[in-house]
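This report concerns only the one structure given below.
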Amino acid sequence: MGGRADRFSQLRPSASASLRSTAALLLLGWVLHGLGIAWTTLLHTVAVLALLTGTAVLLFWMHTSAGRGPQGPPADRS
436 MGGRADRFSQ LRPSASASLR STAALLLLGW VLHGLGIAWT TLLHTVAVLA LLTGTAVLLF
496 WMHTSAGRGP QGPPADRS
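Start counting at 1 in the sequence shown, then tack on 435, and there's your number in our numbering.
As structure tokens, this is what we get:
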């Protein structure tokens, strides 16, 4: 079968990877806060980075899906 859903499920991180990433982010936040950076500054920075990443992913998705026409990708047309 295979399809778009299969490709996206392969990109999903495992639970342990998500836990490690969360722990690393919390540790980084704790260290930066210890250096005198306010929590609100850290949260605003994370929010801006999340918005930028989301925008980049959306633009990439729009770019790749725009290459496909009603008949599929250009290479499939014969």
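Using N, Cα and C, we set each Cβ at its ideal position, and we do this for glycine too.
N-terminal and C-terminal residue of the alpha helix (DSSP H) that residue i is part of
i: S456; result: 450 to 469
i: A377; result: Nothing can be reported for residue 377: it is not among the residues displayed for the chain, which extend from 436 to 513.
Nonlocal neighbours in the same chain, by C-beta distance under 8 Å from residue i, ignoring five residues either side
i: W474; result: G464, H468
i: P448; result: S456
i: L477; result: G464, L467, H468
Close Cβ partners of residue i (< 6 Å) along its chain, the five nearest in sequence each way excluded
i: M497; result: none
i: L462; result: none
Contacts around residue i, its chain only, beta-carbon distance under 7 Å, and the 5 residues preceding and following it disregarded
i: H479; result: none
i: A501; result: none
Heavy atom of the ligand GTP within 8 Å of residue i beta-carbon
i: L460; result: Among the ligands in the structure shown, none appear at all, so the ligand GTP cannot be discussed.
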